[in-house]
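Residue numbers (full-length UniProt numbering): 1 to 300. We treat Cβ as the ideally placed atom computed from N, Cα and C, and that holds for glycine. Being a predicted model, the structure only gives us computed values, none of them experimental.
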């Protein structure tokens, strides 16, 4: 992969007006917090508009996000206190999450358990959190969670921004070109949107993104053909495993939506790929068949 990138970069630097079939692209993000208004401003400035904006932050989501961390406190060489949050009640007015304290020995055997070392109750109407605790440490953990809630209710985190960027990328018929992920091929017809996405990434704090053109040569077409074939095989395999493993509906729906998009994107590659397309056509047909059958089964 690195040798391919090196060759492509060399071509980019030495040739001006050449025909390209698309771009290799990659990006990276650092941990961040960003308000909705700031995010919208950067997306518009980058030329993406507001179509890829995430949903507004919901109070319950911010509360659960703020109360998701675990904490470990060593009492002695042989005894440890484990603190974690657990949801105990939720309705249209409130959410209650308790800090649970479990005392275990070095072999993991439970010595003591308190299901309400601290209690945090979110009032959905006022957005206020009420805290009660029976120990200083539990109260510190609870107060820290309240502070995080106030931050998270007004700010998106890195995971949300990654999802936004992935949604933009998926709208450009991408094909993974590295087994471990992170580098994608995007057909040339999507160059304008790709450039807008990379401008957006670079507007984020410590965001980095690059694209390198793939010159229209037999070698480059063969490369994309191989990578697309791998992508189709992996997509079909994921559908088959999802069905056989009886994954939860939420996970299965995500797999099927991705598979359906991959099958739809295939048509954009017919002018790029080389050689006998029989296996690709069969894979696309198999993906569509698996998606249709799985959706019917999920509806029953």
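Whole-number beta carbon distance between residue j and residue i, since they are thought to touch under 8 Å
i	j	result
residue 33	residue 204	At roughly 11 Å, the Cβ-Cβ gap does not stay under 8 Å, so residue 33 and residue 204 are not in contact.
residue 24	residue 183	6 Å
residue 22	residue 186	5 Å
residue 63	residue 95	6 Å
residue 274	residue 222	6 Å
residue 263	residue 284	5 Å
residue 214	residue 57	Between residue 57 and residue 214 the Cβ distance is about 39 Å, and since that is not below 8 Å, they are no contact.
residue 27	residue 201	5 Å
residue 73	residue 169	No, residue 73 and residue 169 are not in contact; Cβ-Cβ is about 42 Å, not under 8 Å.
Where residue i falls, given that 16 or more other Cβ within 10 Å makes a residue buried
i	result
residue 118	buried
residue 235	buried
residue 65	buried
residue 86	exposed
residue 67	buried
residue 150	exposed
residue 248	exposed
residue 75	exposed
residue 14	A caution first: residue 14 carries a pLDDT of 40, below 50, which makes its placement in the model too unreliable to give a value.
residue 232	buried
residue 309	This structure cannot settle anything about residue 309, because the visible part of the chain is limited to 1 through 300.
residue 298	exposed
residue 97	buried
residue 108	exposed
residue 134	exposed
residue 127	exposed
residue 227	buried
residue 91	exposed
residue 295	exposed
residue 18	exposed
residue 106	exposed
residue 44	exposed
residue 113	exposed
Paired residues, beta bridge with residue i - DSSP
i	result
residue 240	Bridge partners of residue 240: none, in fact.
residue 25	184, 211
residue 112	103
residue 90	95
residue 19	Residue 19 pairs with nothing; no bridge assigned.
residue 155	35
residue 131	120
residue 84	100
residue 63	Answer is none; residue 63 lacks a bridge partner.
residue 72	82
residue 176	184
Beta-carbon spacing of residue i, residue j below 9 Å
i	j	result
residue 180	residue 52	no
residue 54	residue 156	yes
residue 259	residue 224	no
residue 190	residue 172	yes
residue 69	residue 82	no
residue 89	residue 196	no
residue 279	residue 229	yes
residue 123	residue 143	no
residue 131	residue 139	yes
Euclidean distance between Cα positions of residue i and residue j
i	j	result
residue 115	residue 103	11 Å
residue 251	residue 261	16 Å
residue 293	residue 79	52 Å
residue 290	residue 237	10 Å
residue 111	residue 256	45 Å
residue 148	residue 31	15 Å
residue 208	residue 253	31 Å
residue 42	residue 59	24 Å
residue 159	residue 165	10 Å
residue 277	residue 245	30 Å
residue 210	residue 194	10 Å
residue 161	residue 267	29 Å
residue 282	residue 265	15 Å
residue 192	residue 61	34 Å
Proximity test, Cβ basis, 9 Å: residue i and chain C
i	result
residue 241	Any reference to chain C falls outside this structure, which holds one protein chain only.
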